[in-house]
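Protein chains in written order, with this note's numbering: chain V, 2 to 114; chain A, 15 to 277. Backbone N, C-alpha and C define an ideal beta-carbon position, used for all residues, glycine too.
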């Protein structure tokens with residue numbers, strides 16, 4: 002037991018739950034064995050793709066807001082992002098991964114999801 | 015034999031009271047010039063992280079905190095022998111003494127705040143529905159419709175973040191009046207508005223607690239967690255390795271109980 006330090010809250014369960022969500026999804030060590038190696042690698046790769054997809058999406062929205070995209074460019078960006086989102090859904094389904102499993106702690110930038 | 019490390023302290027003297035750490039092993043100080051590394055000896059490295067081992071680690075650090083300024087070391091930091099520790103101390107001595115001087119007579123407090131994120135998002139959505147919001151994407155194809163939905167979501171998130179930062183700012187300005195330093199993690203999750211650590215002078219602990227109670231009473235819809243005093247886990251800054259040892263007044267420093275000499 003700690004000696005001096007105290008933790009005061011009326012809502013311990015809620016804080017435990019929220020702090021649990023902030024844990025890194027990617028493990029410090031990869032437990033690679035013949036049964037899970039495929040899923041483990043897919044999780045790693047899809048997490049990185051998801052990061053890039055979110056960045057692209059955010060950048061596109063910023064440019065739309067700034068009015069720097071023409072109607073045609075919005076159409077093309079929409080097509081690309083829609084296809085990418087659908088492909089990601091498909092891949093997540095194939096490897097049995099949920100959205101929250103592809104989270105990544107980006108340090109000062111916060112969590113990916 | 016493994017040397018399990020608890021922290022760096024501002025003393026090269028041996029620890030007078032008996033402190034027992036992981037696996038009941040006695041804790042002692044390995045001196046280096048005017049500071050020291052507090053360790054215990056383990057026959058084998060810690061295999062698993064358990065609640066009891068983490069608490070044992072924390073307990074040793076808190077006991078040391080009563081008598082020394084301490085730079086707490088991360089749980090499960092081990093060295094393969096005394097020479098490895100002394101080599102590390104040689105490289106980082108300047109960083110350690112800078113940190114020890116900066117953190118002397120200060121302790122860390124943690125404040126976490128949960129806000130009603132769902133309610134706030136809902137109110138943003140409702141207010142957007144009522145108001146006229148210009149949409150720079152014309153109606154049309156499926157792709158444009160997709161972009162419209164994404165843009166609406168993006169705008170809601172932006173407004174949500176702005177509101178969050180406004181609340182955080184109000185609280186932080188108040189807490190910062192009592193703090194020497196702070197580390198803020200904003201919106202770690204949608205609900206966890208703030209996860210903050212404040213470095214407080216030991217004499218100012220009661221005032222900081224009062225400030226917390228005040229903020230807690232003002233923001234009745236929010237949930238708060240207050241913790242401390244902790245060793246300054248979040249305030250030890252050790253960015254890069256230094257390859258030289260700076261000794262005040264260029265005195266020759268002989269390392270006790272070892273065969274390494276630093277000139």
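Contact check, residue i vs residue j, beta carbons under 7 Å
{"i": "residue 62(V)", "j": "residue 165(A)", "result": "yes"}
{"i": "residue 75(V)", "j": "residue 161(A)", "result": "yes"}
{"i": "residue 70(A)", "j": "residue 35(A)", "result": "yes"}
{"i": "residue 240(A)", "j": "residue 222(A)", "result": "no"}
{"i": "residue 179(A)", "j": "residue 193(A)", "result": "no"}
{"i": "residue 103(V)", "j": "residue 47(V)", "result": "yes"}
{"i": "residue 86(A)", "j": "residue 75(A)", "result": "yes"}
Endpoints, alpha helix (DSSP H) assigned at residue i
{"i": "residue 13(V)", "result": "13–22"}
{"i": "residue 226(A)", "result": "219–232"}
{"i": "residue 43(A)", "result": "Premise fails: residue 43(A) lies in the beta strand (DSSP E), 41–46, not in any alpha helix (DSSP H)."}
{"i": "residue 203(A)", "result": "Unbroken run through residue 203(A): none, as it is neither H nor E."}
{"i": "residue 67(A)", "result": "65–79"}
{"i": "residue 111(A)", "result": "96–117"}
{"i": "residue 1(V)", "result": "Residue numbering for chain V in the displayed model covers 2 to 114; residue 1(V) lies beyond these limits and cannot be assessed."}
{"i": "residue 163(A)", "result": "156–190"}
Extent of the continuous beta strand (DSSP E) to which residue i belongs
{"i": "residue 209(A)", "result": "206–215"}
{"i": "residue 195(A)", "result": "195–200"}
{"i": "residue 82(V)", "result": "No beta strand (DSSP E) holds residue 82(V); the alpha helix (DSSP H) holding it covers 72–95."}
{"i": "residue 9(V)", "result": "7–10"}
{"i": "residue 239(A)", "result": "237–244"}
{"i": "residue 56(A)", "result": "49–56"}
{"i": "residue 125(A)", "result": "120–128"}
{"i": "residue 88(A)", "result": "84–93"}
{"i": "residue 134(A)", "result": "First-last for residue 134(A): 131–144, but that is the alpha helix (DSSP H), not the beta strand (DSSP E)."}
Through-space distance from residue j to residue i, alpha-carbon basis
{"i": "residue 37(A)", "j": "residue 120(A)", "result": "30 Å"}
{"i": "residue 251(A)", "j": "residue 59(V)", "result": "33 Å"}
{"i": "residue 100(V)", "j": "residue 92(V)", "result": "11 Å"}
{"i": "residue 13(V)", "j": "residue 206(A)", "result": "13 Å"}
{"i": "residue 114(A)", "j": "residue 79(A)", "result": "12 Å"}
{"i": "residue 132(A)", "j": "residue 163(A)", "result": "19 Å"}
{"i": "residue 50(V)", "j": "residue 72(V)", "result": "27 Å"}
{"i": "residue 110(A)", "j": "residue 23(V)", "result": "30 Å"}
{"i": "residue 96(A)", "j": "residue 65(A)", "result": "28 Å"}
{"i": "residue 155(A)", "j": "residue 210(A)", "result": "46 Å"}
{"i": "residue 248(A)", "j": "residue 195(A)", "result": "10 Å"}
{"i": "residue 6(V)", "j": "residue 17(A)", "result": "26 Å"}
{"i": "residue 137(A)", "j": "residue 204(A)", "result": "15 Å"}
{"i": "residue 245(A)", "j": "residue 67(A)", "result": "17 Å"}
Within-7 Å CB hit, residue i to chain D
{"i": "residue 79(V)", "result": "Within the model displayed, chain D is absent; protein chains V and A are what it includes."}
ask   = Can we say the stretch 16–34 of chain A touches the stretch 80–89 of chain V, given the rule of at least three CB pairs closer than 8 Å?
value = The stretch 80–89 of chain V and the stretch 16–34 of chain A do not touch, with fewer than three beta-carbon pairs separated by less than 8 Å.
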